[in-house]
Amino acid sequence: MKTDNCSDFLIFHLDDQAYGIKLKTVVRTIRSVEVLKIPDAPEKMLGVVNVQGNITFVANIRKCLRLPERDVELSDRFIIARTSSVPLILVTDSISGVVTLTEEEVATGKEIINETEGFVEGVAKLDDGLVLILELERLLDLVDASQLEFTISDAKQISQQEVH
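Under our numbering, residues 248 to 411 are what the sequence shown spells out, in order.
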């Protein structure tokens, strides 16, 4: 039974680590597609993709989490999420499913949050290991949303030029 202090989280993986984001921020998941790189884009941005006619920003989550970078692979999964300012795509190695956690099951601490620039909201223990719970709004703050709007407008112009 779900109580008021429970939240659902989508669990995904990067390398051997599990991460979670609140399910209410997830629009949907899709298979990976080609990412259009934008010249002079912020370093925490991989590029943009066209999702059903909407140009959507692809975050370089590996850069944000200080993980080794790699090219997007066909086996990767994209998470399309919504933030208060723009839609956001996260490139993941895999998605394992949804879990429900109570507030008590998510350990938070200033030492965790301070070391990760505030985008790690907490840590939870699952049967198969620890999962880092990410705060998407803070993750997006690292990219500088003002640059995003300009970059997405550039991407729309580039993709329209490619069509003609």
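Just so you know, even glycine gets a beta-carbon here, dropped at the ideal spot from N, CA and C.
Because the structure is a prediction, the values reported are computed rather than measured.
Inset, instruction - Could you tell me the distance, in whole angstroms, from the CA atom of Ile326 to the CA atom of Asn307? - result: Approximately 12 Å, taken between the alpha carbons.
Inset, instruction - Tell me, please, which residues DSSP counts as bridged to Arg313. - result: Answer is none; Arg313 lacks a bridge partner.
Legend entry - Distance between Asp255 and Thr347 (C-alpha atoms, nearest Å): Just so you know, the alpha carbons of Thr347 and Asp255 end up roughly 4 Å apart.
Inset, instruction - Evaluate Gly344 with the Cβ neighbour count: other Cβ atoms within 10 Å of its Cβ, from every protein chain shown; 16 or more gives buried, anything less gives exposed. - result: Its Cβ having fewer than 16 others within 10 Å, Gly344 is exposed.
Legend entry - For Ile336 and Ser406, the rounded distance between their alpha carbons: Here the model assigns Ser406 a pLDDT of 48, short of 50, so the residue's position is not dependable, and the following value carries that caveat. One C-alpha to the other measures close to 18 Å.
Legend entry - Residue from Leu383, Arg385, Glu352 and Glu382 whose Cα sits closest to the Cα of Lys372: If we check each option's Cα against that of Lys372, Glu352 comes out closest.
Legend entry - With 16 other Cβ atoms within 10 Å as the buried cut-off, status of Cys253: Classification for Cys253: exposed.
Legend entry - Secondary structure of Lys284, DSSP reduced to three states: It is coil, neither helix nor strand.
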